[in-house]
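Residue numbers (numbering that gives the first Met the number 0): 0 to 114. See structure below.
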Amino acid sequence: MVVSGIDVGSITTEAVVVDGEGVIRAYSILETGADPKKTAEDALLLALEKCSRQRGELSYVVSTGYGRKRVSFTNEVVTEITCIAKGANFLFPNARTIIDIGGQDTKVIRTDGKG
0 MVVSGIDVGS ITTEAVVVDG EGVIRAYSIL ETGADPKKTA EDALLLALEK CSRQRGELSY
60 VVSTGYGRKR VSFTNEVVTE ITCIAKGANF LFPNARTIID IGGQDTKVIR TDGKG
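This is the structure we're talking about:
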């Protein structure tokens, strides 16, 4: 199983590819520009290329961020706050406060340890 997450921000778009064991296999970061949907597609394809995977191998894709609703090829659209909390919990299980400084705003998130 291979999954991907795409964060379509106002400044940059990031894509990550994660295998079935939760290991990050590749990621990409591109400037979002005027066409968030195309940038999301390009970021995903670049991340897949970096880990020698094909689009058809993805079992699930989630989009988040400022332009998350413009990405039509994802399985699920999730809010930034939810993704930030889940991601921080995955990488830093003991973290309880998260500060996200983005291109449009800054968020301070408190988590219970479950993300």
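Ideal Cβ placement from N, Cα and C applies to all residues, glycine included.
#### Entry: Straight-line Cα distance separating valine 61 from glycine 4
Going by C-alpha positions, glycine 4 is about 5 Å away from valine 61.
### Query
In three-state DSSP terms, what is aspartate 6?
strand
### Task
List the DSSP bridge partners of valine 61.
Gly4, Glu75
### Query
Since alanine 39 contacts tyrosine 26 with CB under 8 Å, what's their CB separation in whole angstroms?
Not really, about 13 Å apart at Cβ, beyond 8 Å.
### Message
For aspartate 99, report the span of its beta strand (DSSP E) as first-last.
### Response
Residues 96-100.
### Task
Have a look at the DSSP bridge pairing and note the partners of valine 17.
Val2, Ile23
### Message
With distance defined between alpha-carbon atoms, name the residue in Thr78, Asn74, Arg69, Glu20 nearest to threonine 63.
### Response
Thr78
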